[in-house]
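Report on the following structure.
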Amino acid sequence: MTNLYIAVNKVDSLLTYRDNPADYVEIDLINDYLIWSNGSIAVADGQDEPTELELTIAAPHIDPDDPMTVEKCFIFDDSEGPGTLREINGMGINRRYVFCFMFDGATASEPQLEAWDNSSHNTANFHVLGNGTPANSMIKGVATTLALPGEGWSGIPIADTNVLLLNDGAGALPVLDSTESAHDRYCNLKIVIPADYPTPAVEPFVLTVRYLYN
Amino acid sequence: MKPLFIAKTLEGKEIIGNTDISNPGWQYIMDDIKEVSFLLPNNEYFEMKDYDKYLYGIEVVMDLNGINKGNLRIEKIHYFGKKGNIVDEFIADINTNKINKLVHNWEDIKNKYRGWK
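In the order they appear, the protein sequences are chains A and B.
Take any residue in the first sequence, note its place counting from 1, add 27, and you have its number in the working numbering.
Take any residue in the second sequence, note its place counting from 1, add 18, and you have its number in the working numbering.
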């Protein structure tokens with residue numbers, strides 16, 4: 028089985044995981060988790076695990092006039108001290124090495140990033156996922172393994188069958204050569220809330236990576 | 019435990035897959051396949067023959083958050099058979115044992131999947 032490991036850049040998203048692994052948090056998906064927020068004194072890099080109230084205070088506010096990009100994404104890193112928030116470097120801007128997906132072998136299909144209402148992967152009706160219209164998903168993604176995404180990148184709206192191909196559309200991942208320990212594939216993500224969106228919500232959408240092996 | 023597949027090559031050689039679903043062994047087959055029986059989630063075999071090429075794939079998902087986060091989970095098993103420009107894809111859901119069939123154009127998916135035999 029080809030295994031998947033995920034890391035996020037917490038220092039300098041100009042550098043790859045292989046060049047600077049210490050710049051990254053390898054996500055322990057059981058204990059760590061992502062937080063999308065506008066940030067605050069309590070919800071900031073280096074702070075401990077925020078309370079629900081602190082997260083609410085730091086929540087993004089819908090802009091009446093312009094689309095609003097959620098300013099920050101944090102990883103709660105359970106392995107650092109008693110648990111520490113680390114801001115993901117380069118999230119949503121013109122940076123390549125932000126979210127890193129590492130596959131330790133070949134795949135039989137191109138790995139893809141998906142977004143769903145929950146872990147049953149059957150529906151994508153949350154407002155953040157486009158309220159049933161995947162093309163309207165507020166979650167935007169762009170594959171960045173080969174190149175920078177560009178200033179003001181718009182990305183692909185991710186929800187339901189609208190997926191982000193993590194190998195830039197180049198297909199399944201090949202057998203590793205003798206110099207490689209994994210295939211590293213990078214992407215950048217952001218959440219863009221449309222101007223004057225009428226329905227504020229707290230929606231715990233699920234991000235999923237899917238692929239075949241054989 | 020039954021092998022995940024039993025294939026017969028064009029030369030008549032029998033290739034028996036592994037029993038461990040985490041390492042089916044399909045990717046190591048070097049020969050072209052004439053016919054193959056695939057093990058279904060219900061533990062019965064499903065024979066495919068008279069195709070030009072075959073492909074086998076285990077579909078896994080990993081959630082980054084939610085109640086199943088962090089676990090690489092098998093959701094479906096895919097069995098492909100190519101005949102001319104048409105590809106039949108049979109998808110078995112390992113939870114429900116239901117099988118769905120899709121039909122593709124070869125040009126549309128030949129580079130989408132790896133391991134055609």
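We treat Cβ as the ideally placed atom computed from N, Cα and C, and that holds for glycine.
Predicted model, so just to flag it, every value in this text is computed and none were measured.
Point to revise | Inter-residue Cα distance where the pair is MET129(A) and LEU28(B) | key: Going by the C-alpha atoms only, they are around 37 Å apart.
Review point. Closest to ILE33(A) by CA distance: which of PRO225(A), HIS210(A), GLU230(A) is it?
Key: Closest in C-alpha terms to ILE33(A), from the list PRO225(A), HIS210(A), GLU230(A), comes HIS210(A).
Point to revise | Interface partners of TRP44(B) on chain A, CB under 7 Å | key: Per Cβ cutoff of 7 Å: ASN241.
Point to revise | Exposed unless 16 or more other CB atoms sit within 10 angstroms - verdict on LYS119(B) | key: Residue burial annotation: LYS119(B) is exposed, with fewer than 16 other C-beta atoms found within 10 angstroms of its C-beta.
**Study point:** Contacts around GLU178(A), its chain only, beta-carbon distance under 6 Å, and the 5 residues preceding and following it disregarded
**Key:** So the qualifying residues of the chain are ASN121.
Check your understanding: Where do the N-terminal and C-terminal ends of the alpha helix (DSSP H) with TRP63(A) fall, by residue?
Key -> Boundaries around TRP63(A) are those of the beta strand (DSSP E), 60 to 64, since no alpha helix (DSSP H) includes it.
**Study point:** Distance, PRO87(A) Cα to PHE103(A) Cα
**Key:** Cα-Cα distance, rounded: 18 Å.
Exercise for review: Check the Cβ of THR235(A) against every Cβ in chain B and list those closer than 8 Å, keeping chain order.
Suggested key: Within 8 Å Cβ-Cβ: VAL79, MET80, ASP81, LEU82.
Exercise for review: Check the Cβ-Cβ distances between SER136(A) and every residue of chain B, and say whether any is below 8 Å.
Suggested key: Yes, SER136(A) counts as interfacial toward chain B.
Review point. Expressed to the nearest angstrom, what Euclidean distance is found between the alpha-carbon atoms of TYR97(B) and GLU79(A)?
Key: Using only the alpha carbons, I get a separation of about 46 Å.
Point to revise | Residue-level contact to chain A via CB, ASN129(B), 8 Å cutoff | key: Taking Cβ atoms only, chain A reaches closer than 8 Å to ASN129(B), which makes this a yes.
Practice item. Anything in chain B within Cβ reach of SER64(A), meaning under 7 Å, just list it in chain order. Key: Those within 7 Å of SER64(A) in chain B number zero; the least Cβ separation is about 14 Å.
Review point. CB-CB under 8 Å to GLU32(B), same chain, minus the five flanking residues each way: which ones, in chain order?
Key: Within the same chain, GLU32(B) has close Cβ partners ILE24, ALA25, LYS26.
Practice item. Could you tell me whether the Cβ of ILE218(A) comes closer than 8 Å to any Cβ of chain B? Key: Answer no: the Cβ-Cβ gap between ILE218(A) and chain B never drops below 8 Å.
Review point. Which residues does DSSP pair with GLY84(B) in a beta bridge?
Key: Within the DSSP secondary-structure output, GLY84(B) pairs in no beta bridge.
Check your understanding: Are the beta-carbon atoms of LEU193(A) and LEU140(A) separated by less than 8 Å?
Key -> Result yes, Cβ atoms of LEU193(A) and LEU140(A) sit closer than 8 Å.
Point to revise | Unbroken beta strand (DSSP E) run spanning GLU141(A), endpoints | key: Following the DSSP letters along the chain, one finds GLU141(A) inside the beta strand (DSSP E) bounded by residues 139 to 143.
Check your understanding: Where does TYR69(B) fall in DSSP's three states?
Key -> In the structure shown, the three-state DSSP call for TYR69(B) is coil.
Exercise for review: Identify whether LEU175(A) lies in helix, strand or coil by the three-state DSSP scheme.
Suggested key: Three-state result, LEU175(A): coil.
Exercise for review: May I have the straight-line CA-CA distance separating PRO48(A) from VAL38(A), to the nearest angstrom?
Suggested key: Each residue's alpha carbon lies about 10 Å from the other.
Check your understanding: Along chain B, which residues have their Cβ under 7 Å away from the Cβ of TYR238(A)?
Key -> Those are VAL78, listed as they occur along chain B.
Review point. From TYR69(B) to TRP134(B), what does the alpha carbon distance come to, in whole angstroms?
Key: Their backbone Cα atoms lie some 11 Å apart in a straight line.
Check your understanding: Is DSSP giving TYR46(B) helix, strand or coil here?
Key -> In the three-state reduction of the DSSP assignment, TYR46(B) falls in the helix class, which pools H, G and I.
Check your understanding: On the three-state DSSP scale, how would you describe ASP211(A)?
Key -> DSSP, reduced to helix, strand and coil, places ASP211(A) within a strand of the structure shown.
Check your understanding: For TYR63(B), which residues in chain A fall below 9 Å Cβ to Cβ?
Key -> Under the 9 Å cutoff, chain A gives no residues; its nearest Cβ is about 17 Å from TYR63(B).
Practice item. Give me whichever residues DSSP pairs with LEU90(B) in a beta bridge. Key: MET80(B).
Exercise for review: Closer than 8 Å, Cβ to Cβ, to anything on chain B: give me those residues from the stretch 59 to 93 of chain A, in chain order.
Suggested key: Hits within the stretch, in order: TYR60, LEU61.
Point to revise | Nearest residue (CA-CA) to GLY110(A), options GLN74(A), GLU207(A), ASP144(A), ASP93(A) | key: Measuring from the Cα of GLY110(A), the nearest candidate turns out to be GLN74(A).
**Study point:** PRO138(A) classed as buried or exposed, judged by whether at least 16 other C-beta atoms fall within 10 angstroms
**Key:** Result: buried.
Check your understanding: How is the beta strand (DSSP E) around THR235(A) delimited, first residue to last?
Key -> Element bounds for THR235(A): 233 to 240.
Review point. Excluding the five sequence neighbours on either side, which residues of its own chain have a C-beta within less than 6 Å of the C-beta of LYS217(A), listed in chain order?
Key: Answer for LYS217(A): THR96, GLY119, LYS167, listed in chain order.
Check your understanding: Would you call GLU230(A) buried or exposed, if buried means 16 or more other Cβ atoms sit within 10 Å of its Cβ?
Key -> Counting of Cβ neighbours within 10 angstroms places GLU230(A) among the exposed residues, the total staying below 16.
Exercise for review: Can you grab the Cα-Cα spacing for the pair ASN61(B) / ASP106(B), in whole Å?
Suggested key: Rounded to whole angstroms, ASN61(B) to ASP106(B) spans 21 Å at the Cα level.
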